[in-house]
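Worksheet: one structure, shown below.
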Amino acid sequence: MPPQSHMMRVIEISRPGGPEVLTPASRAVPVPGEGEIVIRVAYAGVNRPDALQRAGAYAPPPGASDLPGLEASGVVAAVGPGVGRWREGDRVCALLPGGGYAEYVATPSVHALPVPDGMDLRAAACLPETFFTVWTNVFDRGALKAGERFLVHGGSSGIGTTAIQLAAARGARVFTTAGSDDKCNACLKLGAERAINYRAEDFVTVLQAEGGAHVVLDMVGGDYLPRNVQALADDGRLVQIAFLSGPKVALNFAQVMTRRLTITGSTLRPQSVAAKARIAEALEREVWPLLASGRIAPVIDSEFPMDQAAQAHSRMESSQHVGKIVLKIGA
């Protein structure tokens, strides 16, 4: 661990705004608190919540770093009091409360996971935010089971590419939407049975012809909400994780009642340390063997150096990407 006088490079949000407000700066290296580790960051994942925070629409929770970055990979540089599992030098990836766009970051030790066997740090940085989100929403809240029909919107996104692979690996029939034929083809290669170009086809019609989806994972919101309800099978579950088209819509709840539908959702960042630790335990038990065997793997769209964080955000907000975007922070 560097001496506490040591400064580190970071990317700050200079003011709410577009990608151009991401600014290189220097800060003191964090000190691990009770139950925390400090990671020397190799790579940080770039995620939609980072852009929301940058725009001033997603404040960090109390006590969290104001720097963007909700996932990272690297090497444990310091271990705080009360940490049992990790030692300096361990290769880890971790879900972060914030602060990933920096050379060092502190996080609860129970939110770190070992880098899967055979995986490099670049790929490992793509795991925490998306895999925590998909696991808790699709399999915990959505209770997706083998043989069920699963619809995930935005199949070419980081969330989508993760959800397609994980659901298919666990025996579900996967349907997805994407905005171009190329993106649809990418989804099919990942294990989707049917990829629907939403510019040319109506996903409601496709799913109804199959008998409806047992689980829908949606990050679009807006007018997708009543359409998702129509696309569900009886006793189906709609899980909402974001609202790219807005959180408010008129919805006729008669269908929800007569067809015994469940509408649920969650956000990851505000959940308790203990809740996120339980997700980490489930991932290590249920998902890490699939990653180690190569059965599933993160899809990486592009890599940007740390000082090009603005360009990374522009790439993400263009929606041209397929899979994850990463920042290279350190060695």
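Reading the sequence shown from the start, the letters are residues 1236 to 1566 in our numbering. All C-beta atoms in this analysis are idealised placements derived from N, C-alpha and C, irrespective of residue type, glycine included.
For T1502, the secondary structure class from DSSP, reduced to helix, strand or coil, is coil.
Between the alpha carbons of R1244 and S1308 lies a distance of about 16 Å. When secondary structure is reduced to three states using DSSP, P1284 falls in the helix class.
Every alpha helix (DSSP H) stretch that sits fully inside the segment 1354-1385 and reaches 4 residues is listed by chain position as 1356-1359 and 1363-1369. In this structure, the beta-carbon distance from V1441 to E1428 does not fall below 7 Å. By the criterion of a C-beta distance shorter than 8 Å, G1395 is surrounded in its chain by V1387, H1388, G1389, T1411, A1413 and C1422, once the five residues flanking it on both sides are discounted. In this structure, DSSP gives P1343 an extended state, which the three-state scheme calls strand. Look at L1460 here: in three-state DSSP terms it is helix. In the three-state reduction of the DSSP assignment, F1478 falls in the coil class.
The beta carbon of Y1459 is closer than 8 Å to those of H1388, D1453 and S1480 in its chain, skipping five residues each way along the sequence.
No Cβ-Cβ contact shorter than 7 Å links I1272 with V1310. When T1499, L1356 and R1520 are compared, the shortest CA-CA separation from I1476 is found for T1499. Positions of the alpha helix (DSSP H) runs, each at least 4 residues long and wholly inside the segment 1412-1459, are given as 1416-1425 and 1438-1444 in order along the chain. Contact between E1364 and L1305 holds: their C-beta atoms lie close to 5 Å from each other, under 8 Å. In the DSSP assignment, S1549 falls within the unbroken alpha helix (DSSP H) covering A1544 to S1553.
Nearest to Q1288 by C-alpha distance, out of V1474, G1333 and N1463, is G1333. In the three-state DSSP reduction, G1471 falls in the strand class (E or B). For the pair I1564 and E1247, the CB atoms are not nearer than the 7 Å cut-off. Looking at the backbone, the Cα of P1251 and that of M1551 are separated by about 17 Å. Going by beta carbons, L1379 and A1341 fall outside the 7 Å limit. Distance between V1451 and L1496, taken at the CA atoms: about 11 Å. Spanning the alpha carbons of R1520 and A1547 requires a straight line of approximately 32 Å. Between P1316 and E1269, the gap from beta carbon to beta carbon is short of 7 Å.
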